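If you read the sequence shown in our numbering, its first letter stands for residue 636, the second for the next number, and so on.
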Amino acid sequence: MDGILAVDKPSGITSHDVVDHVRRVAGMRRVGHTGTLDPRATGLLLLCLGQATRLSEFFTGLDKAYEGRMRMGVVSASYDMEGPILEERPVPEALTLEDIQRACEPFHGEIQQVPPMMSAVKRGGTPLYKMARKGIEVEREPRTVRVDVFRVTAWEPPYAYIAVRCSSGTYVRALCHEVGQSLGCGAA
């Protein structure tokens, strides 16, 4: 069997878990995904099967679109709610949707983004997340990414709901972290 399979990945499993499941069900070894979704993320995961795995590089670099929420008032080691919470900060009562949107504005266009330690980016052949799990933090080189849309769609304290359209390789959780830092209350 050759082709592309669109999977609606549920929360709580990794992209690799989906690949393993399809390999077992389809009885195939040549199955791969075209981009990783975080375990808590839900959404479209494209799988290439059989000869179609040769096409995966064409899909991997495509732009991505995300909708989600950022939790204001927390700083997390992984920049999301999965990792240990390092700090809880008060969210200013006067904080508005417009304030949060203004904090998002500098993150439009081509930007330099430092990948989080909890990422699959490799340093010396070792994924950063493996170092992070051992308590090792290393200097990370910023990478050029592009953010076309970073919009706050709703504000229901302590959650800001967001829509992002960006280039492949952009860490939305790093964008949220930076917005939280700029507002002084943290966000994950």
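Virtual Cβ for every residue (Gly too), placed ideally from N, Cα, C. Predicted, not measured: the structure shown is a model, and the values here were computed from it.
Tell me whether residue i sits in a helix, a strand or coil according to DSSP, three-state version.
i, result
"ILE720", "strand"
"ILE735", "helix"
"VAL773", "coil"
"GLY760", "coil"
"GLY821", "coil"
Between the C-alpha atoms of residue i and residue j, what's the straight-line distance to the nearest angstrom?
i, j, result
"ASP673", "ALA755", "11 Å"
"VAL654", "HIS668", "7 Å"
"HIS812", "GLY819", "10 Å"
"GLU791", "ILE797", "12 Å"
"SER711", "ARG775", "17 Å"
"SER691", "SER713", "27 Å"
"GLU728", "THR761", "43 Å"
"PRO719", "LYS699", "27 Å"
I think residue i touches residue j, with their Cβ atoms under 8 Å apart; what is that distance to the nearest whole Å?
i, j, result
"GLY744", "ARG800", "So it is not a contact: roughly 12 Å between Cβ atoms."
"ALA738", "VAL814", "5 Å"
"ALA795", "VAL784", "Actually they do not touch by this definition, with Cβ atoms about 15 Å apart."
Would you say residue i and residue j are within 8 Å of each other, going by their C-beta atoms?
i, j, result
"GLY708", "GLY821", "yes"
"LEU763", "PRO750", "yes"
"MET752", "GLU733", "no"
"MET716", "ARG706", "yes"
"LEU684", "VAL666", "yes"
- For the stretch 657-713, list the alpha helix (DSSP H) runs that are entirely contained and at least 4 residues long, ordered along the chain. 691-695
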